[in-house]
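Peer 1: Keeping their order, the protein sequence lines are chains A and B.
Each residue of the first sequence is one higher than the one before, starting from 1 at the first, in UniProt numbering.
Each residue of the second sequence is one higher than the one before, starting from 1 at the first, in UniProt numbering.
Have a look at the structure that comes next, please.
2 protein chains.
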Amino acid sequence: MSLRIQCTVIDCTDALRVGTFWADLLGRPLGGPEDDGVYWIEPGENLPELLFIPVPEAKSVKNRLHIDLRPDDQAAEVERALALGAGHVDIGQGTQTWAVLADPEGNEFCILRALRPDES
Amino acid sequence: MSLRIQCTVIDCTDALRVGTFWADLLGRPLGGPEDDGVYWIEPGENLPELLFIPVPEAKSVKNRLHIDLRPDDQAAEVERALALGAGHVDIGQGTQTWAVLADPEGNEFCILRALRPDES
Numbered sequence: 001m002s003l004r005i006q007c008t009v010i011d012c013t014d015a016l017r018v019g020t021f022w023a024d025l026l027g028r029p030l031g032g033p034e035d036d037g038v039y040w041i042e043p044g045e046n047l048p049e050l051l052f053i054p055v056p057e058a059k060s061v062k063n064r065l066h067i068d069l070r071p072d073d074q075a076a077e078v079e080r081a082l083a084l085g086a087g088h089v090d091i092g093q094g095t096q097t098w099a100v101l102a103d104p105e106g107n108e109f110c111i112l113r114a115l116r117p118d119e120s
Numbered sequence: 001m002s003l004r005i006q007c008t009v010i011d012c013t014d015a016l017r018v019g020t021f022w023a024d025l026l027g028r029p030l031g032g033p034e035d036d037g038v039y040w041i042e043p044g045e046n047l048p049e050l051l052f053i054p055v056p057e058a059k060s061v062k063n064r065l066h067i068d069l070r071p072d073d074q075a076a077e078v079e080r081a082l083a084l085g086a087g088h089v090d091i092g093q094g095t096q097t098w099a100v101l102a103d104p105e106g107n108e109f110c111i112l113r114a115l116r117p118d119e120s
């Protein structure tokens, strides 16, 4: 038995737009496009490969899968995400230690609190 | 700027059921539950952390994010996934080199073709 996670795939109306947002957010280059309009971010340390694929349908409901991001400085990274085109979203989370945001096509993601020095 | 992917989060009606499926599929132990009913699979080589969180709503549309898995033996891994409770799904993919399946709550995932020896 051998099965490993190759990548996380994100359906996009505009794969370049969404891919650019995530590449800028993660500080990684965006690859692509392939002939089929697919863009990607290569895997790296603590970063599985991300694929951005064009689909005809728009996002319609809260995503069933989402990505949690770990910052060194939560407030600074939230501000940076907002400046890159993210928005705050309310999915009924109430007051939490994490910030719930969405990318330019509404894909929810969280920026968690920074870890304390004694955490890993 | 420092922001890394901590985990991929999967909303579940039955987090134990979905988490057990993925743990068995990936050959990893399932952790949990926390007091809030969350289960998890710890990160590992080529495996970001997965979190399974209970939510009140059921899955309603094709997921906007999904996971692609790389097998050593595609046919064997598809059979194994089906035996664990996955099902084939048709999202209009036509004939492809990858198999489109869904976990017990309908979360789509793909089992890609095996890599050739000259690929990495």
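Using N, Cα and C, we set each Cβ at its ideal position, and we do this for glycine too.
This structure is a prediction, so every number in the text was calculated from the model and none was measured.
1. Counting pairs of beta carbons, one from the region 111-118 of chain A and one from the region 47-57 of chain B, are three or more of them closer than 8 Å?
2. Beta carbon of L69 (chain B), beta carbon of I5 (chain A): below 8 Å?
3. Under 9 Å between beta-carbons, which chain A residues line up against T8 (chain B)? List them in chain order, please.
4. Quick one, are the C-beta atoms of V89 (chain A) and I111 (chain A) less than 8 Å apart?
5. For K62 (chain B), collect the residues of the same chain with a Cβ closer than 8 Å to its Cβ; drop the 5 residues on either side in sequence, then sort them by chain order.
6. Which class does W40 (chain A) belong to by DSSP, given the choice of helix, strand or coil?
7. Out of B:D11, B:L16, B:G94, which one is the CA nearest neighbour of P33 (chain B)?
8. So, is the C-beta of P117 (chain B) closer than 8 Å to a C-beta in chain A?
9. Less than 8 Å between C-beta atoms, sequence neighbours within five positions excluded: which residues of the same chain meet that for E42 (chain A)?
10. Going by DSSP in three states, A58 (chain A) sits in which element: helix, strand or coil?
11. For a cutoff of 8 Å on Cβ pairs, would you count V61 (chain A) as touching chain B?
12. Could you check the C-alpha separation between A114 (chain A) and A76 (chain A) for me, to the nearest Å?
13. Taking beta-carbon pairs under 9 Å, can you tell me which members of the region 71-85 of chain A lie near chain B?
14. For L101 (chain B) versus G85 (chain B), is the C-beta spacing smaller than 8 Å?
15. So the candidates are B:T8, B:L3, B:W98; which of them puts its Cα closest to the Cα of D23 (chain A)?
16. Using the beta-carbon of each residue, which ones in chain B are nearer than 7 Å to D11 (chain A)?
Peer 2: Let me spell this out:
1. no
2. Numbered from 1 along the second sequence, position 69 holds the residue referred to as residue 69 (chain B). Numbered from 1 along the first sequence, position 5 holds the residue referred to as residue 5 (chain A). It is a contact, given that the beta carbons lie within the stated cut-off.
3. Within the second sequence, the letter at position 8 stands for residue 8 (chain B). Per Cβ cutoff of 9 Å: I5, T8, P48, L65, H66, I67, D68.
4. Counted from its first residue, the first sequence places residue 89 (chain A) at position 89. Counted from its first residue, the first sequence places residue 111 (chain A) at position 111. No, the Cβ-Cβ distance between V89 (chain A) and I111 (chain A) is not below 8 Å.
5. Against the second sequence, residue 62 (chain B) aligns to sequence position 62. For K62 (chain B), where only same-chain residues beyond five positions count, the Cβ hits under 8 Å are I91, E108.
6. One-based indexing of the first sequence puts residue 40 (chain A) at position 40. If DSSP states are grouped into helix, strand and coil, W40 (chain A) belongs with the strands.
7. Here residue 33 (chain B) refers to the residue found at position 33 when the second sequence is read from its first residue. For P33 (chain B), the nearest C-alpha among the options comes from B:L16.
8. Position 117 of the second sequence, counted from the start, is the residue given in the question as residue 117 (chain B). It does not; no Cβ of chain A falls within 8 Å.
9. Taking the first residue of the first sequence as 1, we reach residue 42 (chain A) at position 42. The answer, listed in chain order, is R28, P29, G31, E49.
10. Locating residue 58 (chain A) in the first sequence gives position 58, where the first residue counts as 1. Three-state DSSP puts A58 (chain A) in coil, outside helix and strand.
11. Indexing the first sequence from 1 puts residue 61 (chain A) at position 61. At a cut-off of 8 Å between beta carbons, V61 (chain A) contacts chain B.
12. Against the first sequence, residue 114 (chain A) aligns to sequence position 114. Against the first sequence, residue 76 (chain A) aligns to sequence position 76. Spanning the two alpha carbons is a distance of roughly 11 Å.
13. Cβ contacts with chain B come from P71, D72, D73, A76, E77, R80, A81.
14. Looking up residue 101 (chain B) in the second sequence gives position 101. Looking up residue 85 (chain B) in the second sequence gives position 85. Taking 8 Å as the Cβ cut-off, L101 (chain B) and G85 (chain B) do not qualify as a contacting pair.
15. By 1-based counting over the first sequence, the position of residue 23 (chain A) is 23. Correcting the residue type first, residue 23 (chain A) is Ala in the shown sequence and not Asp. The residue with the shortest Cα to Cα distance from A23 (chain A) is B:L3.
16. Here residue 11 (chain A) refers to the residue found at position 11 when the first sequence is read from its first residue. Ordered by position in chain B, the residues that pass the 7 Å Cβ test against D11 (chain A) are R64.
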